[in-house]
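This report refers to the structure that appears directly beneath it.
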Amino acid sequence: MTRSTGTSVIGRESTKSSMGSRSMVLLVVMVLLATACRAAATPAPSWPSDAIVVTARNLRFDTTQLLFKADTPSTLVLVNEDGDAHNIAIRTRSGFEGDLLFRFDPVAATTIAVPVGPLPKGTYFFLCEIHPSMSGTVFVY
61 MTRSTGTSVI GRESTKSSMG SRSMVLLVVM VLLATACRAA ATPAPSWPSD AIVVTARNLR
121 FDTTQLLFKA DTPSTLVLVN EDGDAHNIAI RTRSGFEGDL LFRFDPVAAT TIAVPVGPLP
181 KGTYFFLCEI HPSMSGTVFV Y
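According to our numbering, numbering within the sequence shown proceeds without interruption in unit steps and concludes at 201.
Structure (structure tokens):
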């Protein structure tokens with residue numbers, strides 16, 4: 061009798077241990093699936109990997125310098141996180157004084173990828189035409 065009671069206790073512990081292992085495996089599988097689903101739900105950018113990306117947030121651009129390769133078509137991406145409309149214009153001089161080299165129509169709360177150039181070698185200026193304090197320098201090398 062002692063033997064059967066001992067076997068019974070060991071059997072229960074073994075069952076508990078086995079159930080614990082299964083629960084752990086199930087938990088790990090669920091975490092991996094959730095992570096994979098989250099990663100799959102994030103869309104890949106719809107622009108080239110060498111695109112110049114500018115983010116507008118709180119009425120500011122996240123950079124004051126843009127770099128382009130001379131005489132090479134590029135892609136400029138505006139990630140507009142503001143509710144306000146923004147655009148980017150590239151001019152030969154600061155403000156609205158210089159000749160217009162590039163621009164796109166203002167967009168609000170969206171991401172837009174637009175082709176730019178090719179631009180000739182030189183130093184230019186960019187700004188949001190609606191909020192001119194959002195500006196910076198363009199270096200084409």
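Cβ coordinates follow ideal geometry from the N, Cα and C atoms, glycine included.
When you compare the CB positions of residue i and residue j, do they come within less than 9 Å of one another, or not?
i	j	result
V174	V137	yes
P192	T132	no
A149	L160	yes
How many Å lie between residue i and residue j at the Cα?
i	j	result
W18	V139	The chain is shown only over 61 to 201; residue 18 falls outside these bounds and no answer can be derived.
S154	Y184	8 Å
L119	R82	53 Å
N211	Q125	Lying outside 61 to 201, the shown extent of the chain, residue 211 is not represented and no answer is given.
G196	L187	6 Å
K181	G143	34 Å
G158	A111	25 Å
D122	A130	23 Å
Put residue i into one of helix, strand or coil per three-state DSSP.
i	result
R153	coil
Under a CB-based cut-off of 9 Å, is residue i close to chain D?
i	result
E141	Although the question refers to chain D, the structure presented lacks it and comprises just one protein chain.
For residue i, count neighbouring C-beta atoms within 10 Å of its own C-beta (all shown protein chains included) and say buried if the count is 16 or more, exposed if not.
i	result
S109	exposed
Under 8 Å: does the beta carbon of residue i sit that close to some heavy atom of the ligand PLP?
i	result
T170	The ligand PLP is absent from the structure shown, which contains no ligand whatsoever.
Start-end ranges of the beta strand (DSSP E) lying completely within the region 115 to 152, minimum 3 residues: Listed in chain order, the complete beta strand (DSSP E) runs (minimum 3 residues) inside the region 115 to 152 are 125 to 128, 134 to 140 and 149 to 151.
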